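Read the structure below first, then the notes.
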Amino acid sequence: ELLAAAKSPLIIAGNGIRVAGAEDALFDFAERAQLPVVTTPAGKGTFPEDHPLALGLMGPFGHESAIAAVGGADLIIALGTKLGTSDSANYNPAMINPAKQTLIQIDIDPLNLSWTQPIDVPVNGDLADALPRLVQLVAPTASAALESVAKLRATHGYFNRDFSSTPGNFSARDAVRVLSEELPADTVITCDAGENRLYMLRDFQSKRGGTVLQPNGGGGMGYAVPAAASAAYNFPGRSAVAVCGDGGMAMTLHGLITAVELGLKMTVVVLDNTILGWVYHGQKNRIIASEFKDFDYTAIAQAIGCNASSTHGVDEFRAAVVNSISHPGVSVIVAHTSKDDRYQEMMSSLSVGDPYAVGGDDE
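Residues 60 to 422 (my numbering) are what the sequence shown spells out, left to right.
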């Protein structure tokens, strides 16, 4: 009844969808009910972002199309998410406002229900069971959702950032766009912590059948390489690609040794700008302990036994990515990227000032 009465309903998909293995059920539910889909940062990849009902990522580094859609919704169906601070941009009422919106939440953990927001209809259940039931309960719907989504994308932009690299100035965001264009749809992408993860969240467009994994919670560095090795070991028929910064690479070089010893097929992309990006750009003019020497990760990877290449621009990087897809072993692609890419450029309209900078907004 709530769904039938709503004028602008939408789905927020969280990591609980992935944990439940309910991606296909989410896809079927969204298509049958004709509901726009927004994902939380942790939920990225649970719904294909190239689908005409997709609006991308919400949160402090989210897509403006998603933020506008959530803020304009009168009914929100939150699936597998506690709607925490990184989802709601610190509970910004411009996006989620229980006083003006009806909230339905389905989660397997009863502690997540109404934990961060007052929920009108809390449902404690396994999404692997609940979503197929919803698919059966909802009649096929003809709605204006497709038109609405298309309008929001056109108004706010949607994965259409232009390439910005120039000779000697290779943008990490351009490298991520190349990955989005060239990798097979069912690739298992593993992200690391730091600015590099934000580039992936904003600029990598997930496809159906693909998986995007990242270090949630505390966001520990050094996650991407061992996670990709695990994916390569457990899903040998799918491409496994780790994306990390040079800081994260330094923490997990031993992961390359393990991958070579196991004979795994996987690719590691190192966005090497010789800094801890999030720390460096947050320090602004007070730089301390956030810069590295220009270590030769290509030579290190080759010494370990990887197929390694050093790239300095879009075309060179694209060629290396295409080559890695067919290479039978471990490939390492070092992208020598610019320090000019900054997390501040990806902060959404909901982020007031720069809460991540050293000393806060006054610096």
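Glycine is no exception: its CB is placed at the ideal position from the N, C-alpha and C atoms. Remember, predicted model here, so these are calculated numbers, not experimental data.
Outcome for residue i when other beta-carbon atoms lying within 10 angstroms are tallied against a minimum of 16
{"i": "residue 256", "result": "buried"}
{"i": "residue 82", "result": "buried"}
{"i": "residue 199", "result": "exposed"}
{"i": "residue 144", "result": "exposed"}
{"i": "residue 409", "result": "buried"}
{"i": "residue 95", "result": "buried"}
{"i": "residue 159", "result": "exposed"}
{"i": "residue 320", "result": "exposed"}
{"i": "residue 61", "result": "exposed"}
{"i": "residue 214", "result": "exposed"}
{"i": "residue 77", "result": "buried"}
{"i": "residue 195", "result": "exposed"}
{"i": "residue 344", "result": "exposed"}
Reduced DSSP category for residue i - H, G, I as helix; E, B as strand; rest coil
{"i": "residue 197", "result": "coil"}
{"i": "residue 117", "result": "coil"}
{"i": "residue 176", "result": "coil"}
{"i": "residue 280", "result": "coil"}
{"i": "residue 331", "result": "strand"}
{"i": "residue 395", "result": "strand"}
{"i": "residue 296", "result": "coil"}
{"i": "residue 404", "result": "helix"}
{"i": "residue 154", "result": "coil"}
{"i": "residue 163", "result": "strand"}
{"i": "residue 312", "result": "helix"}
{"i": "residue 134", "result": "strand"}
{"i": "residue 350", "result": "strand"}
{"i": "residue 275", "result": "coil"}
{"i": "residue 288", "result": "helix"}
{"i": "residue 357", "result": "helix"}
{"i": "residue 84", "result": "helix"}
{"i": "residue 207", "result": "helix"}
{"i": "residue 243", "result": "coil"}
{"i": "residue 101", "result": "coil"}
{"i": "residue 304", "result": "strand"}
{"i": "residue 170", "result": "helix"}
For residue j and residue i, the rounded distance between their alpha carbons
{"i": "residue 102", "j": "residue 118", "result": "11 angstroms"}
{"i": "residue 106", "j": "residue 80", "result": "12 angstroms"}
{"i": "residue 261", "j": "residue 407", "result": "10 angstroms"}
{"i": "residue 422", "j": "residue 303", "result": "Note that residue 422 scores 33 on pLDDT, short of 50, meaning its location in the model is unreliable; the coordinates nonetheless yield the value given after this. Roughly 28 angstroms separates the two Cα atoms."}
{"i": "residue 197", "j": "residue 342", "result": "51 angstroms"}
{"i": "residue 69", "j": "residue 346", "result": "43 angstroms"}
{"i": "residue 397", "j": "residue 232", "result": "10 angstroms"}
{"i": "residue 289", "j": "residue 322", "result": "12 angstroms"}
{"i": "residue 108", "j": "residue 300", "result": "18 angstroms"}
{"i": "residue 235", "j": "residue 380", "result": "11 angstroms"}
{"i": "residue 405", "j": "residue 120", "result": "6 angstroms"}
{"i": "residue 280", "j": "residue 211", "result": "34 angstroms"}
{"i": "residue 318", "j": "residue 263", "result": "25 angstroms"}
{"i": "residue 294", "j": "residue 115", "result": "26 angstroms"}
{"i": "residue 127", "j": "residue 358", "result": "46 angstroms"}
{"i": "residue 237", "j": "residue 339", "result": "25 angstroms"}
Candidates the options, of which the one nearest residue i by Cα
{"i": "residue 186", "options": "303, 196, 75 and 216", "result": "75"}
{"i": "residue 334", "options": "206, 350 and 64", "result": "350"}
{"i": "residue 324", "options": "359, 307, 284 and 338", "result": "284"}
{"i": "residue 253", "options": "359, 402 and 224", "result": "402"}
{"i": "residue 190", "options": "272, 162, 122 and 86", "result": "86"}
{"i": "residue 99", "options": "146, 266, 66 and 319", "result": "146"}
{"i": "residue 113", "options": "363, 130, 93 and 311", "result": "93"}
{"i": "residue 72", "options": "164, 358, 222 and 294", "result": "164"}
{"i": "residue 356", "options": "65, 312, 383 and 405", "result": "312"}
{"i": "residue 326", "options": "97, 248 and 258", "result": "248"}
{"i": "residue 182", "options": "141, 211 and 375", "result": "141"}
{"i": "residue 217", "options": "291, 125, 139 and 90", "result": "125"}
{"i": "residue 373", "options": "223, 66 and 110", "result": "223"}
Chain B within 8 angstroms of residue i, Cβ atoms only
{"i": "residue 338", "result": "Among the protein chains of the structure shown there is no chain B, as only one such chain exists."}
(message) Between the region 193-208 and the region 221-241, can you find at least three pairs of beta-carbon atoms closer than 8 angstroms?
(response) no
(message) Count Cβ pairs between the region 382-396 and the region 364-371 that sit closer than 8 angstroms; are there 3 or more?
(response) yes
(message) Under 8 angstroms: do the region 237-251 and the region 140-157 share three or more Cβ pairs, one atom per stretch?
(response) no
(request) Give a yes or no on contact between the region 370-389 and the region 331-345, applying the rule of three or more CB pairs nearer than 8 angstroms. (result) no
(request) Say whether the region 307-315 touches the region 258-275, bearing in mind that this needs 3 or more beta-carbon pairs closer than 8 angstroms, one atom from each stretch. (result) no
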